[in-house]
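Residue 67 is where the sequence shown starts when you use the numbering used here, and the numbers rise one by one after that. For glycine and all other residues, C-beta sits at the position ideal for the given N, C-alpha and C.
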Amino acid sequence: MPFYVQRGNIPPKRHIQHRDKNGKLYYENHISREGFSDVYSNLYHLRHPTRIAEVAEFVTYALKPAEDRVHRHRHLETFKFEPEGNWVFGRRAIAFNNDVVLKIAAPKEQGEFYYRNGIADEIIFIHHGEGTLHSYFGKLDFGPGDYIVIPKSVLYKLELRTENQRHLIMEATGPVQPPKRYRNEFGQLLEHSPFCERDIRVPEFVEPIDQEGQFDFVLRTTDGFQKYKFAHNPMDVVGWDGYYYPWIFNINDFMPITGKLHMPPPIHQTFQAPGFVVCSFCPRMYDYHELSIPAPYNHQNVDSDEVLYYVSGSFMSRRAVSEGSITIHPYGLAHGPQPGRYEGSIGKKETNELAVMLDPFRPLTPAQDSLLVDDPKYPLSWLE
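What follows is the structure, given as structure tokens:
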């Protein structure tokens, strides 16, 4: 994350004695990227964060490529997935490559455990539902439209407060950050950025929990999920500071950039990560040239696929898509507005569309579960 945050009770220097009013020593925990050469945070615990009471079950997990490997455009109606499972084990992989895994979740169970993704940074987009993310760093309340960014190996739990939860998850192999072109050399978001630090929500400090007992903990590893039991409640942090923590940005706080002529998708970019970018298509004014065509021109991907997740509103280039629809337009095939949409956009002044776009730089492999909600007629939807 691009700025420094300090919460709770911390000592004046790093790596020195830090004690409570009775003289008991707190235990420092350094969480860092790239060894000791990148961003980090220092946390101070009531107890050693290493206290594991039990190494429990290991659950194997592997991504399953779709049996239908036909190279074609795809339309996935993800709201056809019934609510099931919790916010980790209820996730369904939709597509993946070596840089990103795209998943859908409609959790209906709380999941009474703490979770740490040891292999990926996560973006959880909240389409529907409200709740609270609890972590070492404090709490973050979330609701519709929130992008929750959770760095790799952050220990957390989601408390779901409402029913009908719908989440879109992107699991990245490296850090998720605002686009580099919107930041100065110090990491500050520049004047032309479509959002700024005021839009970013960081954890609210919560008093430490001093509690012995056994607490379930699940770690995502390269080939599955390892279950453990902590010997105490891990939410025992008295204070922390640093640049490494979960944070939230709401899609409705993205201020679209518009132009006299149709602007390309990079102007909607919200995040970057190794091997892909995420864009936010938000309500905005259309182009204002006297001969403008607001709908996008046809485009043939050469170096990337295009994934769109439809949140709400009427999308100018698409018909027969609805809330929760995902379209995947793979490399090598042209895509663009469906019949009537190109001409029909002329004269329009604004759009109320809301969508999330994932652009990977390497081809995606459709996952087996995507076939359960696939519309096989979609590749032919450009016929007049």
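- If the five residues before and after Ala186 are omitted, its C-beta is found closer than 8 Å to the C-beta atoms of Val167, Lys218, Glu237, Ala238, Thr239 and Arg286, all from its own chain and listed in chain order.
- Setting aside the 5 residues that flank it on each side, Asp441 is surrounded in the same chain by His141 and Glu143, each with a C-beta closer than 7 Å to its C-beta; the list follows chain order.
- 7 Å or more divides the Cβ of Gln243 from the Cβ of Gln335.
- When DSSP reads this structure, Ala238 sits in a beta bridge with Val166 and Asp187.
- Counting along the chain, the unbroken alpha helix (DSSP H) around Gly410 starts and ends at Arg407 to Gly410.
- Taking one beta carbon from each stretch, the region 182-202 and the region 273-288 have 3 or more pairs nearer than 8 Å; the two touch.
- Per the C-alpha coordinates, the member of Ala297, Asp302, Arg117 and Phe155 positioned closest to Thr126 is Phe155.
- The straight-line gap separating the alpha-carbon atoms of Asp302 and Leu374 is approximately 40 Å.
- By the criterion of a C-beta distance shorter than 6 Å, Asp212 is surrounded in its chain by Ile192, Ile314 and Asn316, once the five residues flanking it on both sides are discounted.
- Bounds of the beta strand (DSSP E) holding Ser391 are Ser391 to His395.
- Under the Cβ criterion (8 Å, minimum of three pairs), the region 359-374 counts as touching the region 393-404.
- Around the beta carbon of Gln72, fewer than 16 other beta carbons sit within 10 angstroms, so the residue counts as exposed.
- Within the region 67-91, the runs of beta strand (DSSP E) that reach at least 3 residues and sit entirely inside it are, in chain order, 71-74.
- Annotation: the continuous beta strand (DSSP E) that includes Phe208 extends over Gly204 to Phe208.
- Per DSSP, reduced to three states, the secondary structure at Asp319 is helical.
- Beyond the five residues adjoining it in sequence on each side, Arg138 comes within less than 7 Å, by CB distance, of Pro445 in the same chain, given in chain order.
- Collapsing the DSSP output to three states places Thr288 in coil.
- Ile333 sits in a helix when the DSSP states are folded into three classes.
- In the structure shown, Ser378 adopts extended strand secondary structure according to DSSP, grouped into three states.
- Counting only residues of its own chain and dropping the five nearest sequence neighbours on each side, Ser259 has a CB closer than 6 Å to the CB of Tyr248.
- Of the candidates Val272, Gly390, Asp276 and Ala386, Asp276 places its Cα closest to the Cα of His114.
- Classified as exposed, Val121 has fewer than 16 neighbouring CB atoms from the shown chains inside 10 Å of its CB.
- In the displayed model, Thr116 falls within coil according to three-state DSSP, outside both helix and strand.
- For Val220, there is no enclosing beta strand (DSSP E), as DSSP gives it neither H nor E.
- Residue ranges of uninterrupted beta strand (DSSP E) with 3 or more members, entirely inside the region 418-444 and ordered along the chain, are 420-426.
- Boundaries of the beta strand (DSSP E) harbouring Glu143: Arg140 to Glu143, taken from the DSSP string.
- Excluding the 5 residues flanking it on each side, Ala119 has same chain C-beta neighbours closer than 7 Å at Gln280, Lys295, Phe296 and Ala297, in chain order.
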